[in-house]
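Listed in order, the protein sequences are those of chains G and C. 322 is the number that the numbering used here gives to position 322 of the first sequence; each next residue is one higher, with no gaps. Just remember that the numbering used here sits 1000 ahead of the position in the second sequence, which is counted from 1. Here a beta-carbon is modelled for each residue, glycine too, at the ideal position from N, C-alpha and C. Each remark here refers to the structure printed beneath this line.
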Amino acid sequence: MIKFSNVSLVYPTSTQTILEGLTFSIVEGEMVLVIGSTGTGKSSLLRLINGLVPHHTGGILAGDVTVDGISTQLVRPGELAHLIGIVGQNPSSGFVTDTVEEELVFSMESLNVAPDVMRKRVEEILDLLALAPLRNRAISTLSGGEQQRLAIGSALVMHPKILVLDEPTSALDPIAAEEVLSIIHRLVHDLSLTVVIAEHRLERVIGFADRIIHIAGDGQAQIDLPENILKNSVIAPPIVHLSRALKLDQLGLSVRDVRRMTEDVRRNGKENPQVLKDPTPTAILIKGASISYGSHLALKNVDALVMEGEIVALMGRNGAGKSSLLQSIVGVKELDRGEISIFAHPPMSLKGAVRRATVGYIPQEPSDLLYAQSVAQECAQADKDNGIASGSTYALLQGLVPSVSPATHPRDLSEGQRLALALAVVLSAQPRALILDEPTRGLDYQSKSLLIEILKGFAAQPGRAVVIATHDVELVAELADRVIFLSEGEIVADGPTIDILLASPAFAPQVAKVMAPRRWLTVNDVMRALDQETDSR
Amino acid sequence: MKYLTNDIYRFSGRSRIALAIVSATVFAGFTWPFYVQSQSSAHFAQYFFWAAVPASIFLLIAQLSDSGLDAKSVALLGTLAALLAALRPLGAGAVGLEPMWFLLILAARVFGSAFGFLLGVLGMLASALLTGGFGPWLAYQLFAAGLVGLFAGSFPKRFKGRAEILLLVLIAILASLIFGLLMDLQFWPWALGGDTQLSYLPGAPILENLNRFITFHFLSSMAWDIPRAVLTSTLIVITAPAVLSALRRTKTKAAFLTPVEFSARLK
């Protein structure tokens, strides 16, 4: 169905070869996963399939890409539209109309499909992706998972033979991600759709992939069965790290397989002692907080405490009120009722330098904090605002990600680099509390472990606190001391990470699923229980 | 890296000829009051140019859009034209305060004169659709706005930083005055009834009419062109650094005119 013969790609402004001598073919009805660190060319590879690269980006393409027998050299990307559906990283930037139904129809209208056929297909897609209750809703009111389903729906409505997805689950909570992936999986099996998917969170997709294309940084890439690729790859889900650390003879890719192989580990491991922290003063106090948008209650009477030295994770479905709570802690959103104090100040009263030194906030989209025209200007501004020696913010950034060039425009950075820049700007003010909203969107494993290190280091200093809203259970397992679980604006659970994560199978990390009923969350926990040091990363 | 400073769209040879012919028609359309001989031929000239100017402008646009505009440029042209259309009514149109010119000038500066011409014409057309400003004057406005874009985009690219802002302010002032002059020419024959001292006299000697026109233009200029020039220059000084860099980033990101090459293997 898709055939790459000896494909190499060079972009016009760089001398670096993105891909070199890539040859593979993907047959009909196959689901192929593309993995690689940020910036290695995953998106380029996906866009080569429908000819957006190099037709829209410029560049030199050597070799040949053919899709269903048509070479992308010979046709413009538009002429492959009926054959290939493509869903980008951020679904909302791909929408062209206002309501769900119009969005579904739009691409068919462009392809001049007959009205009665359109009507049938819209119904079919609404049913297939469970979008029927949403058909008249405005797109801007949909949750992240619903938007992602709609984006997939509007690609599928043209009956493409190939579906290309770029990080389809990065904005979704575990359950919505599961839902989207199982729909795709069903399409592969029922309709023999060919799917190529790029994703950082391997733990979510690994069970569905038939083969993996692994792109190394230097333009080389290999394609093979998941077992063979993951045997040696640095990029691997926690379950593979577990198999490696336990030195199992076989690599298990599903919880079921690894469970069968690790029976004696579960039997022999000893219980890890619970580390009890000394009680510390309260950093953030939330009392009876309520917020409503029109008739919709976003927060209902929320009571919570965050202690100094603690890292607290805020979890819950898309739209559960996590962002609203964070914004009111930071003081950018006013409460309707109740009160919040942060280091004994009401957050709305903090201004200017005092505010920056008390609380640092990184919103869901870090570029909302970045206004300057280049990284250097952004850092210089932060130095000036905080009255610190010039160059300190840039030095901080260099410590986080060494490879950022100071002349780059902040919006041209990769997700991970942009987050690091926002983090450097916020940290340069030396805030006492750090509030992060969904920071691991689009981050690869490497950047994620770097983030964990930074946040742990931050919280370890006296008198600091971190609150982080996230869907990423693996991150929570590694990082958080305590989890607050929100649902429909109410706190449904609040307790130590291990208790909360183990209580619900949907939110349990992979290692915990393998090791249940033992209370181990991470590879490190397991190895500690076996009295072994780890070298899993 | 040469393509980064190039215009994203250039007139082809045939388009240049078409542009020249249309310019001549429109020029005649602007200046007819000076050389008609009598009252009756004035009527004829007026109706002739009402029809001829829009027809030739639409033919020109058809010719231009036929050659070498790719999907990305069309998308950019559409977006910017929509922005212009939305900006124009913001100033309520009174005394020439239309905050669209600064964006047209900046966009023409970045994307080149040919693109600027198309943008001026389309932006003006779209804003006329929004505000209901249709009438015999529309075709003249379209062409004049196109000329502003053409003019603003035709200066050398080597000026940067403060020098560039200064140049842009100069362009803004000149463009405001030129636009005002052209609009007055088009407007003057009907503006003032038949018998004031500044009114158009069909059939009078050129010098007499020119004299009357210049006095008229001077007065209207004080009221319209100077506020327009001041507003546009101020907006340019305030917004140019940010808007220019945003437009230039768009240009780099969208990779206009970037060569696409296919080869059997990498050299």
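Margin query: Between which two residues does the beta strand (DSSP E) holding G/Glu490 run?
Written below: Taken as a continuous stretch (DSSP letters only), the beta strand (DSSP E) holding G/Glu490 covers 490 to 496.
Check: Around the C-beta of G/Val332, are 16 or more other C-beta atoms found within 10 angstroms, so that it is buried, or is it exposed?
Finding: exposed
Next item on the list: Check whether the Cβ atoms of C/Ala1071 and C/Ala1126 sit closer than 8 Å, and answer yes or no.
Entry: no
Note to self: Quick check: C/Ala1152 and C/Leu1182, are their CB atoms within less than 8 Å of each other?
What the structure shows: no
Next item on the list: Kindly list, in the order they appear in chain C, the residues whose Cβ is closer than 8 Å to that of G/Thr57.
Entry: The contacting residues are Ala1255, Thr1258.
Notebook entry, point to check: With DSSP run on the structure shown, which of helix, strand or coil describes G/Ile212?
Noted result: strand
Note to self: Any beta carbon from chain C within less than 8 Å of G/Ser14's own beta carbon?
What the structure shows: So no, G/Ser14 is outside the interface.
Item checked: Nonlocal neighbours in the same chain, by C-beta distance under 6 Å from G/Leu530, ignoring five residues either side -> Gly269
Next item on the list: Quick one: grab the DSSP three-state call for G/Lys3.
Entry: strand
Notebook entry, point to check: Does the separation of the CB atoms of G/Ala512 and G/Leu502 fall below 8 Å?
Noted result: Note that the C-beta distance between G/Ala512 and G/Leu502 is below 8 Å.
Check: Going by the beta-carbon positions, is the gap between G/Leu479 and G/Leu450 smaller than 8 Å?
Finding: no
Next item on the list: May I ask you to list, following chain order, the residues of the region 1224 to 1253 of chain C that have a beta carbon less than 7 Å from some beta carbon of chain G?
Entry: Per Cβ criterion, the list reads Ser1245, Arg1249.
Item checked: Closest by C-alpha distance to C/Trp1050, when choosing among C/Ser1154, C/Trp1224, C/Ala1028 -> Taking only the C-alpha atoms, the option nearest C/Trp1050 is C/Ala1028.
Note to self: 8 Å is my cut-off, CB to CB: does C/Glu1208 come that close to chain G?
What the structure shows: no
Next item on the list: Let me know the secondary structure DSSP gives G/Leu400 once reduced to three states.
Entry: helix
Next item on the list: Can you give me the Cβ contacts of G/Val240 inside the same chain, cut-off strictly under 7 Å, excluding the 5 residues immediately before and after it?
Entry: Leu230, Leu251
Notebook entry, point to check: Can you find a C-beta in chain C that's less than 8 Å from the C-beta of G/Ile60?
Noted result: yes
Notebook entry, point to check: Candidates G/Gln327, G/Pro160, G/Gln377, G/Gly387: which alpha carbon is nearest G/Tyr361's?
Noted result: G/Gln327
Checklist line | N-terminal and C-terminal residue of the alpha helix (DSSP H) that G/Glu339 is part of | finding: It is not in any alpha helix (DSSP H) - G/Glu339 instead sits in the beta strand (DSSP E) that spans 337 to 342.
Note to self: Between G/Val409 and chain C, is any beta-carbon pair separated by less than 8 Å?
What the structure shows: Checking the displayed sequence, the identity of residue 409 of chain G turns out to be His instead of Val. Closer than 8 Å: yes.
Notebook entry, point to check: Do C/Ser1038 and C/Pro1202 have their CB atoms nearer than 8 Å?
Noted result: yes
Check: Helix or strand or just coil, what does DSSP make of G/Tyr293?
Finding: strand
Note to self: Going by DSSP in three states, G/Glu549 sits in which element: helix, strand or coil?
What the structure shows: Since the first residue shown for chain G is 1 and the last is 537, residue 549 of chain G is missing from the structure and cannot be characterised.
Next item on the list: Could you tell me which uninterrupted beta strand (DSSP E) segments, each at least 3 residues in length, are contained entirely in the region 314 to 383 of chain G, listed from first to last along the chain?
Entry: 337 to 342, 359 to 362
Notebook entry, point to check: Is G/Gly219 helix, strand or coil when you go by DSSP?
Noted result: coil
Item checked: Neighbouring residues, chain C, relative to G/Pro54 (Cβ below 7 Å) -> Val1260
Check: If you draw a straight line from the C-alpha of G/Ser392 to the C-alpha of G/Asn232, how long is it?
Finding: 38 Å
Notebook entry, point to check: Can you tell which of C/Ser1245, C/His1043, C/Phe1115 has its C-alpha closest to the C-alpha of C/Tyr974?
Noted result: No answer is possible for residue 974 of chain C: the residues shown for chain C start at 1001 and end at 1267.
Next item on the list: Drop a sphere of 10 angstroms on the beta-carbon of G/Glu453, count the other beta-carbons inside from all chains shown, and report buried for 16 or more, exposed for fewer.
Entry: exposed
Item checked: Residue(s) in a DSSP beta bridge with G/Ser487 -> DSSP, once it has assigned bridges, lists G/Glu490 as partnering G/Ser487.
Next item on the list: With a cut-off of 8 Å on the beta carbons, I'd call G/Ser414 and G/Thr97 a contact; round off their distance for me.
Entry: Incorrect: roughly 30 Å between the Cβ atoms, too far for contact.
Next item on the list: Pull up the CB-CB distance for G/Arg518 and G/Arg266, whole angstroms please, since I reckon it's below 8 Å.
Entry: Under the criterion of beta carbons closer than 8 Å, G/Arg518 and G/Arg266 qualify as touching, at roughly 5 Å.
Item checked: Interface positions of the region 1051 to 1084 of chain C facing chain G (Cβ-Cβ less than 8 Å), listed along the chain -> If the cut-off is 8 Å between Cβ atoms, the region 1051 to 1084 of chain C has Ala1071, Lys1072 near chain G.
Note to self: Let's see if you can read the secondary structure: which residues bound the alpha helix (DSSP H) around G/Val180?
What the structure shows: 174 to 191
Note to self: Considering Cα atoms alone, identify which of G/Leu335, G/Ile329, G/Glu334 is closest to G/Phe343.
What the structure shows: Looking only at G/Leu335, G/Ile329, G/Glu334, the smallest Cα-Cα distance to G/Phe343 is reached by G/Ile329.
Checklist line | Three-way DSSP call (helix, strand, coil) for G/Met307 in this model | finding: strand
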